[in-house]
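Worksheet for the structure shown next.
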Amino acid sequence: MTAAPAELRPLGQQELRHAFGAFPSGVTALAALADDGTPVGMAASSFTSVSLDPPLVSVCVAHTSTTWPLLRDRARIGVSVLGAHQADACRRLASRDGDRFAGLNWIAAPDGAVLIDGASARFDCGIERLVRAGDHDIVLLRVHELDADHAVAPLVFHASRFHRLATTDTLPETP
Ligand SMILES: Cc1cc2nc3c(=O)[nH]c(=O)nc-3n(C[C@H](O)[C@H](O)[C@H](O)COP(=O)(O)O)c2cc1C
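Per this note's numbering, the sequence shown starts with residue 2, numbered consecutively.
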């Protein structure tokens, strides 16, 4: 029997944010070309792999997002897993003002998905289904094309801060 856990706290917005922030994740850039040929996009850490067959991934997007309505009606959306060297780019991709793509190299795939150069992985996706879930939509995306490079270290988001991975499987066990 281990010691009793610390007392659980009553649920509040701040407590939820704090607890959700304990779960580390990568960060993706969701991006596509607008009709005028300019890229639109946003940072999203809610990316999850969902299914191999069919190939599906998901992201959760807040109903308050002003960028998601611009992405939602695109034929394809690019999902780029940002690299550890792209923390500044990630901040820009989430900022309210300024050019979100400043200093970023990107390519547009034939159907308009915008994919970020130097990312750890890139998926060219179409929307499969949207599920309303509280104040977010769960967006199920079907992957049509992809590339990935495990040699590119991913950006890690934890407790509202950016981190890099550290490999621990070669460390000695603690007694
Ligand atoms: C590290 C990071 C992760 C984020 N993840 C998400 C996410 O998963 N879903 C979401 O809706 N917004 C997420 N955001 C916020 C959006 O990137 C963006 O700031 C927000 O949608 C407001 O901009 P908009 O009105 O142009 O959409 C994240 C921001 C940061 C910095």
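Yeah, the Cβ is synthetic: ideal placement off N, Cα and C, and Gly gets one too.
- Secondary structure at D138: strand, using DSSP grouped into helix, strand and coil.
- These are the residues, in chain order, with a beta carbon less than 5 angstroms from any non-hydrogen atom of ligand 1: V28, M43, A44, A45, S46, S47, V62, A63, S66, T67, T68, A95 and F158.
- Straight-line spacing of the CA atoms in A76 and Q87 works out to 26 angstroms.
- Restricted to the region 50-85, the alpha helix (DSSP H) segments that are unbroken, complete and at least 4 residues in length are 69-73, listed in chain order.
- By the beta-carbon neighbour count (other beta carbons within 10 angstroms, threshold 16), T49 is exposed.
- In terms of Cβ geometry, S46 and V58 do not form a close pair [threshold 8 angstroms].
- Between A33 and I78, the gap from beta carbon to beta carbon is short of 8 angstroms.
- Distances from the alpha-carbon of A23 to those of G127, P70, T171 and A160 put A160 closest.
- In the structure shown, A90 falls within a helical segment according to DSSP collapsed to helix, strand and coil.
- In the same chain as F102, and ignoring 5 residues on each side of it, the C-beta atoms closer than 6 angstroms to its own belong to P40, in chain order.
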